[in-house]
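Student:
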Amino acid sequence: MASPAIDVYVKLPSGRVISADFLPTDQVKAVYKHVAEEEGVNIARVQLKYQGKILKQSHALGYLGVCKETILKAEIISVKNLNLFVKDKEGCVTPISINNCEYVSDIKEKIEVATGCSALKQILKKSGCILNKDNMTVTESGLKDEDIIALEVKDTAPVKHNNKPDTVDEALDEQKKEEVISSFDAGGRNVEVVFCFDTTGSMYSCLTQVRAKVRESVTRLLHDIPNIRIGIIAMGDYCDQESSYVIKMEDLTQDSDLLVNFVKDVPSSGGGDSPECYEWALRKAQTFDWAEDSAKALVMIGDCLPHPVSYTDQHINWHTELDVLAGMGVKVYGVQALNVSESTPFYEELAERSGGAYINFSNFGIITDMFLAVCYNESSPEQLQAYCQEVEDQGRMTDETKQMFTKLEETQEEKKVKKKEKPKRHIKEPWWDPQLDTNSTPQYCYDAEKDHWASAGSKHKTSSSKVTKKLSLSSPSTESPVTSYPTTKSKKTFWQRLSIKNLLSKKRT
18 MASPAIDVYV
28 KLPSGRVISA
38 DFLPTDQVKA
48 VYKHVAEEEG
58 VNIARVQLKY
68 QGKILKQSHA
78 LGYLGVCKET
88 ILKAEIISVK
98 NLNLFVKDKE
108 GCVTPISINN
118 CEYVSDIKEK
128 IEVATGCSAL
138 KQILKKSGCI
148 LNKDNMTVTE
158 SGLKDEDIIA
168 LEVKDTAPVK
178 HNNKPDTVDE
188 ALDEQKKEEV
198 ISSFDAGGRN
208 VEVVFCFDTT
218 GSMYSCLTQV
228 RAKVRESVTR
238 LLHDIPNIRI
248 GIIAMGDYCD
258 QESSYVIKME
268 DLTQDSDLLV
278 NFVKDVPSSG
288 GGDSPECYEW
298 ALRKAQTFDW
308 AEDSAKALVM
318 IGDCLPHPVS
328 YTDQHINWHT
338 ELDVLAGMGV
348 KVYGVQALNV
358 SESTPFYEEL
368 AERSGGAYIN
378 FSNFGIITDM
388 FLAVCYNESS
398 PEQLQAYCQE
408 VEDQGRMTDE
418 TKQMFTKLEE
428 TQEEKKVKKK
438 EKPKRHIKEP
448 WWDPQLDTNS
458 TPQYCYDAEK
468 DHWASAGSKH
478 KTSSSKVTKK
488 LSLSSPSTES
498 PVTSYPTTKS
508 KKTFWQRLSI
518 KNLLSKKRT
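Put into structure tokens, the structure is as follows:
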């Protein structure tokens, strides 16, 4: 009996969703072809993801668990020219030019033209790992502009008829062994970091500082940490919906142009009142395309406090949103600017509750160093130490910068030793403890279908509020209020659902 067809939905970069019928036995390559035809691009430029993982074209849809009405995410990779340097065992370096959507086989052909070494004899290595799949694109291989590729030549000496081990077989066995080893190492740890910038009032100056060196910083990070993906959130407040924006986001990506353009183009927001919508930013961060096997971090940069739960009809409790992120494996860095003392407990709690680091500074000039240091910290202790030494050698080490590196190094030490249980803090303020929040009338309402906020007294009152919240009355000094998450049209990610399930399970026990 034939397998029943399944409807597979694919969300395109434009936000448009397309669908097609496939069999569970069909290869993912069929979906890649469908998206390429729909977008009018070469199939090599298409990248499909499911639950944060890049789908290999050779796998069957059924094997990956793709079932009826599954939604895949499509990305179209921008074509970029890369300059690579091929270094042989004698130390001779041959430059070649290739674009990121060509294949490893194309690299070998270019090397053959430039050096005369047959493509069939070539063994290419990047950082000690063999590039063993000729049908893998340059992007998939992790190669970056100005990378060095090591070239080795296979020994093709004739087979000797004696009892000694065959040298050709030995070479092939060694190659297979290296290929197996390299399959467990994609060139380093997968790192995903989302930076959330408060763009209200004076905090916009922080993003302005990043803007000055954003291309240089992103290019450096993509080179130093080949498996890094970066995302950005620009955050205003609910009152900014009509004049500017509440939240703008750029999802996790390795596309430097997307990141640079977002940072350079995003405008400031107004703010209006002293608390800002940090609680909403924590929730929106859960919707990013986090991968299963990565080191995940959210860097929350601000100077104010979150709103109490009564401020919107969604009754968002930042403690609960933070716990969901922590359950997803996302560490939150609480980065407090301008040293407003009443805000300090919020940023400290963000870090302590999720395993991140608390950093405070008053000089926006160190923000680029912080941007780089956090990424290196998530990648490896060695890279963080090397960057710390670089800052020291260049004479840029200030008291605030030194304090920042110290805090980051402390998080590395806490990974090695069992973390001491810290006394739970309690702040007698409505933004911290819902029991002290006596306001019963929300000031802003949310329309989930339009992703739109409006004043509760506005004439365009939202039809809203299909997303409802139930809060326990327990004090967050002991536990965070439990939030129930009913199904809405905005589907939650696998990681959100798993985190919420674990969170609710802990509350009941």
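So the sequence shown is numbered by the numbering used here: it starts at 18 and just counts up by one.
Where is the CB? At the ideal position from N, CA and C, for every residue including glycine.
#1: What number of angstroms, rounded off, separates the C-alpha of residue 46 from the C-alpha of residue 148?
#2: If you drop the 5 nearest sequence neighbours on each side, which residues of the same chain put their C-beta closer than 6 Å to that of residue 329?
#3: Does residue 343 come out as helix, strand or coil in the three-state DSSP assignment?
#4: Can you tell me the Cα-Cα spacing of residue 72 and residue 157, whole angstroms?
#5: In whole angstroms, what is the alpha-carbon distance linking residue 353 and residue 365?
#6: If you reduce the DSSP assignment to three classes, tell me which class residue 112 lands in.
#7: Can you look up residue 473 in the DSSP assignment and give me helix, strand or coil?
#8: Confirm the yes/no value for this check: CB of residue 91, any heavy atom of the ligand GTP, distance under 7 Å.
#9: Could you check if residue 423 is buried or exposed, using at least 16 other CB atoms within 10 Å of its CB as the buried criterion?
#10: Rounded to whole angstroms, what's the CA-CA distance from residue 391 to residue 267? Just pull it up for me.
#11: Tell me the rounded alpha-carbon separation between residue 476 and residue 274.
#12: Please report the straight-line C-alpha distance between residue 298 and residue 250, rounded to a whole angstrom.
#13: Rounded to whole angstroms, what is the Cα-Cα separation between residue 35 and residue 304?
#14: Just to confirm my understanding: we take residue 348, look at its own chain, exclude 5 residues before and 5 after, and list those with CB closer than 6 Å. What are they?
#15: For residue 280, tell me which candidate among 227, 312 and 252 has the shortest Cα-Cα distance.
#16: Taking its Cβ as the centre, do 16 or more other Cβ atoms sit within 10 Å of residue 137, making it buried, or is it exposed?
#17: Does residue 427 come out as helix, strand or coil in the three-state DSSP assignment?
#18: Identify every residue that forms a DSSP beta bridge with residue 286.
#19: Does the beta-carbon of residue 453 have 16 or more other beta-carbons within 10 angstroms, so that it is buried, or is it exposed?
#20: For residue 128, report the span of its alpha helix (DSSP H) as first-last.
#21: What is the residue span of the beta strand (DSSP E) that residue 53 lies within?
#22: Pull up the CB-CB distance for residue 104 and residue 165, whole angstroms please, since I reckon it's below 8 Å.
#23: Tell me which same chain residues have a C-beta within less than 8 Å of the C-beta of residue 88, skipping the five on either side of it?
#24: What number of angstroms, rounded off, separates the C-alpha of residue 59 from the C-alpha of residue 425?
#25: I need the straight-line Cα distance from residue 483 to residue 465, nearest angstrom please.
#26: Touch check for the segment 228-235 and the segment 401-420: three-plus C-beta pairs under 8 Å?
#27: CA-CA distance, residue 55 and residue 84?
#28: Report the rounded CA-to-CA distance for residue 32 versus residue 468, giving the unit in angstroms.
#29: With respect to the beta strand (DSSP E) encompassing residue 251, which residues constitute its N-terminal and C-terminal limits?
#30: Could you give the first and the last residue of the continuous beta strand (DSSP E) run that contains residue 40?
#31: Hey, which unbroken runs of the beta strand (DSSP E) at 3 residues or more fall wholly within the segment 337-406?
#32: At what residues does the alpha helix (DSSP H) containing residue 298 begin and finish?
#33: At the level of alpha carbons, what is the spacing between residue 397 and residue 151?
#34: How far does the beta strand (DSSP E) with residue 12 in it reach, from first residue to last?
#35: Per DSSP, which one or two residues make a beta bridge with residue 316?
#36: Keeping to the same chain, check which residues put their C-beta closer than 8 Å to that of residue 367; ignore five residues upstream and five downstream.
Tutor: Let me lay it out:
#1: 21 Å
#2: 459 and 461
#3: helix
#4: 11 Å
#5: 9 Å
#6: strand
#7: coil
#8: What this structure holds is no ligand at all, so the ligand GTP is not there to describe.
#9: exposed
#10: 19 Å
#11: Any reading at residue 476 must be qualified, since the residue scores a pLDDT of 45, below 50, and its modelled position is unreliable; no value is offered.
#12: 8 Å
#13: 20 Å
#14: 314, 371, 372 and 373
#15: 227
#16: exposed
#17: helix
#18: 217
#19: exposed
#20: 121-132
#21: No beta strand (DSSP E) holds residue 53; the alpha helix (DSSP H) holding it covers 45-56.
#22: 6 Å
#23: 26, 27, 28, 34 and 508
#24: 43 Å
#25: The predicted position of residue 483 is uncertain, since its pLDDT is 41 and thus under 50; no value can be drawn from it.
#26: no
#27: 21 Å
#28: 14 Å
#29: 245-252
#30: Counting along the chain, residue 40 falls outside any beta strand (DSSP E), and DSSP gives it neither H nor E.
#31: 347-354 and 375-378
#32: 295-302
#33: 30 Å
#34: This structure cannot settle anything about residue 12, because the visible part of the chain is limited to 18 through 526.
#35: 212 and 350
#36: 317, 339, 349, 350, 351, 373 and 375
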